[in-house]
Amino acid sequence: MKTIILKSASSYLLPVLLLFSVFILLRGHYLPGGGFVGGLVAAIAFVLDAFSNGLDKTKSVLKIHPGFLMPLGLLIAFLSGVSPIIFSDLPLMTGLWVENPIPVIGAIGSALFFDLGVYLVVIGASLTIIFTISESA
Amino acid sequence: MTNDIIILPLVVHLFFSILLMFFWNKVNFQKVVSIVGNAVAMVVAIWAFIFVYNNGTHIVESGNWSAPFGIVFVGDMLAVTLVLLTAIAGFAVSVFSTISVIKARLRFGYFSVFHFLLLGLNGAFLTGDIFNLYVWFEIIIISSFVLISIGGEKNQLEGAVKYFALNFFASMIFLTALGVLYGLVGTLNMADISLKIAEVENTTLVEISAVLFLVGFGIKSAIFPLYFWLPASYHTPPSAVSAIFAGLLTKVGVYALIRVFTLIYGGDSFLTILLLTLAIMTIFSGGIGAIIQNNIKKVFMYFIICHIGFMIGGLALFTEVAMAGVIFYLIHDIIIKTNLFLISGLIYRIKTTTNMKKLGGLYANYPKLSLLIAIPLFSLVGIPPLSGYWPKISLILASFNAQQYWFFGALIFGSLITLIVIAKLWAEVFWKDQPKLKFPEKFIYFDQLRIGQKFTFIFPVAFLTFVTLYIGFGAEHIQQLSQRIASELMNNELYINAVLKR
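Here the protein sequences line up with chains H and R, keeping their order. First residue of the first sequence? That's 18 in the numbering used here, and the numbers climb one at a time after it. First residue of the second sequence? That's 1167 in the numbering used here, and the numbers climb one at a time after it.
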């Protein structure tokens, strides 16, 4: 799609949407949101960029192959799951929390890292699917 | 660390499948990592088995949420035994996969998905929460869809579609049964359900949920009349995949039936009649199917169905002797069925076909190998003192004591037909002269392989045969183990008390 409106809008939308996806990721623990939705929003940001500027340019913005984000996200989620076994001899998947919440980000715990893992897996999976389809089309 | 020992097999498999995904394109490195991963998983499984054997049922409350509310993982004797068997079969199949599955298939993350499949199996055996059991079943079927369709040949996709459709249907019925059960008792923890279901007044609905579970698990474990997907799909993927499917996927259905019908719906007379009828029909139809097939892979597939009937029937009898027979048979069956499909892969590599009419002369050309293959075949028939013989004693004794002569007859019929078919197979494949074979080009024969590659082919078969021999000659140990598991299953207070910490 080569419209000038979409093209100029997308260069502003990419950072804004990415920031918004991080916001959704962080508010997810108590409010609607979380890793899955955040990941989808981030994926949409890149898809929009690919629509207006072409796939190759988006790939150069992304720098790494999106498929790589899947095992990375899984690894982060996995480590957040086993962290209670390693650090404090509690059963698998027990929530570990930092005592004082950090400004802006809020309370940090193993659940946040699980969500971060989900976020990366969703970006990786959806971008891999969409890039593969648009390459073969 | 020892507190979490029973879930370590899950952690190991998840870790290795993630690790393998990082090396997506380095297939040769993946082979090494997968074998190491399965070896580690086997060590951990042995450790967990010994721990539970010495200390009794052990539970892990995931997330530190206490029992009826959070999801618990329960390592009772049955669960850890099956985890150990999964590890043994998984190790053998992963070694076999490194050489027998072609690179074009391995490139698509075969090993990673394979570890996910083993993760799902271990999870299904260990979980104490019935909805979590559903989730593990989903992990199992999603991984198995990938494994069955990887490679994308035409007949393979046809098999995959049938497999997908019926297993998906089974999951739906399982979920419906869960919904009905949750509506009745308001809890998902199996131990808690077991206590609360006794107080439910609406026994009709309880029976409906039981029948729904029977249908759902019945499709997965391929009992009569719901087995049609199995012969249509299991022969299409590579032998290594068929082996893990044959050894473990139908058995996880049997495990779920055993767990649900001992813990939740124990010894209902209506279910006894239903299960017995189904078992007899399963043995009959599986046996008849086996006798008319000419492809050895298909013969083995009908044997899976036939021998599932033995276990279901033993479960229906619902006595401690019968249950010990069922558990012993399950232990024997997982190892032997995995081995049989590995053997069919080996024969395919030697002769480029698995059709009995075209095969022959294996004994003349490979006498040592033939003797090795003879051991699992004779164990399957149940020639004393090999492993198939011992559980049949318990089952026959139990059916005679319970005066279920129809099932008694079906057991004899099933054993006899196994004997006939194996005798036919032995005569056709091993003793008959080799008919003229048209060898395709571009096929790497067994004889052309290097000595190390040949070893990789034969080692898994020999390893599983050794385990079978141990089950046969060390039958006393296995029988004691089976009796202990049977008594734990029949007196489910032990399980309930361990989970709810009463």
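Just so it is clear, CB atoms sit at the ideal spot from N, CA and C, and this is done for glycine as well.
In chain order, what residues of the same chain lie with their CB nearer than 6 angstroms to the CB of residue i, ignoring the 5 residues before and after it?
| i | result |
| --- | --- |
| K1612/R | Per the sequence shown, residue 1612/R should be read as Phe rather than Lys. The answer, listed in chain order, is R1515, I1516. |
| S1375/R | A1343, V1346, L1347 |
| V1492/R | M1477, G1480, L1481 |
| N1204/R | G1256, F1257, S1260 |
| N1333/R | I1307 |
| G1580/R | I1449, G1453, C1472 |
| Q1127/R | This structure gives no information on residue 1127/R, because the portion of chain R shown stretches from 1167 to 1668. |
| L1528/R | S1536, V1595, F1596 |
| I1171/R | A1214, F1217 |
Less than 7 angstroms between C-beta atoms, sequence neighbours within five positions excluded: which residues of the same chain meet that for residue i?
| i | result |
| --- | --- |
| V1407/R | L1313, I1314 |
| I1562/R | F1574, L1577 |
| E1245/R | Per the sequence presented here, residue 1245/R reads as Ala, with Glu not at that position. Once the five neighbours on either side are set aside, the close Cβ partners of A1245/R are F1291, L1292. |
| F1639/R | P1551 |
So residue i contacts chain H; which residues on that side make the cut at Cβ distance below 9 angstroms?
| i | result |
| --- | --- |
| F1188/R | F85, P88, L89, L92 |
Would you say residue i reaches chain H, if we count a Cβ-Cβ gap shorter than 8 angstroms as a contact?
| i | result |
| --- | --- |
| V1665/R | no |
Please compile the residues from chain H whose C-beta is within a distance smaller than 7 angstroms of the C-beta of residue i.
| i | result |
| --- | --- |
| V1210/R | The contacting residues do not exist; V1210/R stays about 13 angstroms from chain H at best. |
Does the beta carbon of residue i sit closer than 8 angstroms to a beta carbon anywhere in chain R?
| i | result |
| --- | --- |
| F63/H | no |
| F68/H | no |
| V200/H | Chain H is shown only over 18 to 154; residue 200/H falls outside these bounds and no answer can be derived. |
| V99/H | yes |
At 7 angstroms on the CB atoms, spell out the chain R contacts of residue i, in chain order.
| i | result |
| --- | --- |
| F95/H | L1180, F1181, I1184 |
Within the same chain, show all residues whose beta-carbon is closer than 8 angstroms to that of residue i, passing over the 5 residues directly before and after it, in chain order.
| i | result |
| --- | --- |
| F1195/R | F1189 |
| A1568/R | L1483, T1485, A1488 |
| L1441/R | L1380, F1427, I1478, G1479, L1481, A1482 |
| F1684/R | Coverage of chain R is limited to positions 1167 through 1668, which leaves residue 1684/R absent and any answer about it impossible. |
| W1395/R | K1328, Y1329, A1331, L1332, N1333, I1385, A1388 |
| L72/H | F148, S151, E152 |
Using a Cβ cut-off of 8 angstroms (strictly closer), state whether residue i contacts chain A.
| i | result |
| --- | --- |
| V1465/R | No chain A is present in this structure, whose protein chains are H and R. |
Exercise. May I have a chain-ordered list of the alpha helix (DSSP H) segments no shorter than 4 residues that lie completely inside the stretch 1245-1277 of chain R?
Key: Annotation note: the stretch 1245-1277 of chain R contains the following uninterrupted alpha helix (DSSP H) runs of length 4 or greater, listed N- to C-terminal: 1269-1272.
Practice problem: Identify every run of the alpha helix (DSSP H) within the stretch 1435-1487 of chain R, keeping only runs that are complete inside it and at least 4 residues long; order them along the chain. | Solution: Counting whole runs of 4 or more residues, the stretch 1435-1487 of chain R contains the alpha helix (DSSP H) stretches 1435-1458, 1462-1483.
Quiz item: Can you list, in chain order, the stretches of the alpha helix (DSSP H) that have 4 or more residues and sit fully within the stretch 1490-1544 of chain R?
Solution: If we require 4 residues or more, the alpha helix (DSSP H) runs fully inside the stretch 1490-1544 of chain R come out as 1528-1531.
Quiz item: Mind listing which residues of the stretch 1222-1236 of chain R have their C-beta closer than 7 angstroms to chain H's C-betas, in chain order?
Solution: The residues in question are V1226, E1227, S1228, G1229, N1230.
Practice problem: Check distances from the C-beta atoms of the stretch 102-117 of chain H to those of chain R and list, in chain order, the residues that come in under 8 angstroms. | Solution: When CB distances to chain R are screened at a threshold of 8 angstroms, the residues of the stretch 102-117 of chain H falling below it are I102, D106, L107, P108, L109, M110, T111, G112, in chain order.
Exercise. Report the residues of the stretch 1170-1182 of chain R with a CB closer than 7 angstroms to any CB of chain H, ordered along the chain.
Key: If the cut-off is 7 angstroms between Cβ atoms, the stretch 1170-1182 of chain R has D1170, I1173, V1177, L1180, F1181 near chain H.
Quiz item: What are the start and end residues of each continuous alpha helix (DSSP H) run of 4 or more residues lying completely inside the stretch 1600-1663 of chain R, in chain order?
Solution: Entirely contained in the stretch 1600-1663 of chain R, the alpha helix (DSSP H) runs reaching 4 residues are, in chain order, 1617-1639, 1641-1656.
Quiz prompt | Segments assigned beta strand (DSSP E), at least 3 residues, entirely inside the stretch 1186-1251 of chain R | solution = Assignment of beta strand (DSSP E) within the stretch 1186-1251 of chain R, counting only whole runs of 3 or more residues, yields 1224-1227, 1238-1241 in chain order.
Self-check item: Ranges of the alpha helix (DSSP H) found wholly within the stretch 1320-1389 of chain R, counting only runs of at least 4
Solution: If one requires a minimum length of 4 residues, the alpha helix (DSSP H) runs lying completely within the stretch 1320-1389 of chain R are 1320-1351, 1356-1362, 1369-1387, in chain order.
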